[in-house]
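2 protein chains.
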Amino acid sequence: MGKDNRNSTQVLKDAKLSNTKIRKSILEFLMQNHGPFSIDDIHKHISNGDYATVYRCIKKFEEHEIVKKCDFGDNISRYEYKDCNHHHHHIMCRSCQKITTVEYCFLKEMEKMLTDQGYKDVSHTLEFFGICQDCQNE
Amino acid sequence: MGKDNRNSTQVLKDAKLSNTKIRKSILEFLMQNHGPFSIDDIHKHISNGDYATVYRCIKKFEEHEIVKKCDFGDNISRYEYKDCNHHHHHIMCRSCQKITTVEYCFLKEMEKMLTDQGYKDVSHTLEFFGICQDCQNE
DNA sequence: TAAAAAACGCAATTGACTTGCATTTTTTAG
DNA sequence: CTAAAAAATGCAAGTCAATTGCGTTTTTTA
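Listed in order, the protein sequences are those of chains A and B. The first sequence lines up with residues 5 to 142 when you count with this note's numbering. The second sequence lines up with residues 5 to 142 when you count with this note's numbering.
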């Protein structure tokens, strides 16, 4: 899935970020496991490091587009390693919160596919982001 | 836009919710104005009522599917009146946070349309929700 | 119209996330 | 390689959207 086969050290170097134990540890967890993961998930899987540090690392990763933030509207931010060549979405169970990857990519067809897979009451949220004309002219 | 021409009192009655001044006031604001709106926006536009009450009203409205929650990942929930017959999306400027309605509905085509309209660096978030097999069998 | 149920207002609380600051680690420059 | 500079960490305290407890007020029910 995707063409990115750099290791964590190389990714950090490419982003011009210092290579610390904790950053390496977080990044490797994200690169080797299928997310998205909450800060809590990440914190559990690294040997040491407090929450503030995890938050700060992830924020840096996000700024440098190493990870992608996923928002499921439950007030918990989740993150996954951003493999540039792999476009996909997610489905979260409204009941147990389990998150599964969705490879297919058109709205109604996607919802139908999810229904065919056994999900019930499928819905979606879609929001766009961009820089508006006003802001471009500032 | 849409076929819902009930008034606020009727909407509350249909949902079996008590008709209080504040609920009526919030609902009318949402029905007469183009959202989505934050709790702060809503609070500003109703004559009295504290924040806790606004939060509680909106939560009730959401539970009864009178309003729809929109999440733009900035940790502020926004709500719009849920006109069942009008499917649409939004675009928020990453710079000034202004929110505009998007009527069209396919991903790449939508992004292109937004670019044609003058938005720059357009991206989107799309998440699905449903009840998974495991939860259906509980 | 009185009793029961629901909603309100206020203050305190929660929980995800952030920040200030002293200490430690990593990077840079000689 | 090493010392100074820069950046990251750990801890504690703080922020902010949202929630909750509880006594009072409003709305609904019978």
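We put the beta carbon where it would ideally sit given N, CA and C, even for glycine.
TODO: For the alpha helix (DSSP H) holding T24(B), just list the boundary residues, first then last.
DONE: Premise fails: T24(B) is in no alpha helix (DSSP H) and is neither H nor E.
TODO: Along the alpha helix (DSSP H) that carries R60(B), what are the first and last residues, could you check?
DONE: Y55 to E67
- [ ] Go to H47(A), then tell me how far its alpha helix (DSSP H) extends in each direction, as first and last residue.
- [x] I43 to H49
- [ ] Indicate the three-state DSSP secondary structure (helix, strand or coil) for C139(A) in the structure shown.
- [x] helix
Open item on the list: Just to confirm, is the Cβ distance from E67(B) to K86(B) under 8 Å?
Closed with: no
TODO: Determine whether the Cβ of L16(B) lies closer than 8 Å to any Cβ atom of chain A.
DONE: no
Task: DSSP state of S12(A) mapped onto helix, strand, coil - done: helix
- [ ] Within its chain, find whatever has a CB closer than 7 Å to the CB of E32(A); leave out the 5 residues flanking it on each side and keep chain order.
- [x] Closer than 7 Å at Cβ, skipping near neighbours: S12.
Task: Beta-carbon spacing of I80(B), I50(B) below 8 Å - done: no
- [ ] On the DSSP bridge assignment, give the partners of C74(B) in chain order.
- [x] R82(B)
Open item on the list: Here's the rule I'm using: 16 or more other beta-carbon atoms within 10 Å means buried, otherwise exposed. How should R82(A) be labelled?
Closed with: buried
- [ ] Flag this pair as touching only if the stretch 14-27 of chain B and the stretch 123-130 of chain B have three or more C-beta atom pairs under 8 Å; answer yes or no.
- [x] no
Task: Cα-Cα separation between T129(B) and D78(B), rounded to whole angstroms - done: 13 Å
TODO: Identify the contact partners of C74(A) in chain B, using a Cβ-Cβ distance below 8 Å as the criterion.
DONE: Per Cβ cutoff of 8 Å: T129 and E131.
Open item on the list: With a threshold of 8 Å between beta-carbons, can S98(A) be considered close to chain B, or not?
Closed with: Looking at the sequence itself, residue 98(A) is Arg, so the reference to Ser does not match. Interface residue, yes.
Open item on the list: If you reduce the DSSP assignment to three classes, tell me which class S125(A) lands in.
Closed with: Correcting the residue type first, residue 125(A) is Asp in the shown sequence and not Ser. D125(A) falls in the strand class under three-state DSSP.
TODO: Output the boundary residues of the beta strand (DSSP E) element that contains H94(B).
DONE: H93 to C97
TODO: Would you decide whether H93(B) is buried or exposed? Buried here means 16 or more other CB atoms lie within 10 Å of its CB.
DONE: The C-beta of H93(B) has 16 or more other C-beta atoms within 10 Å across all chains shown, which makes the residue buried.
Open item on the list: On the criterion of 16 or more Cβ atoms from any shown chain inside 10 Å, does C97(B) qualify as buried, or is it exposed?
Closed with: buried
TODO: Tell me whether E142(B) is buried or exposed, calling it buried when 16 or more other Cβ atoms sit within 10 Å of its Cβ.
DONE: exposed
Task: Straight-line Cα distance separating V15(B) from K72(B) - done: 15 Å
- [ ] Would you mind reading off the limits of the alpha helix (DSSP H) that contains E115(B)?
- [x] L111 to D120
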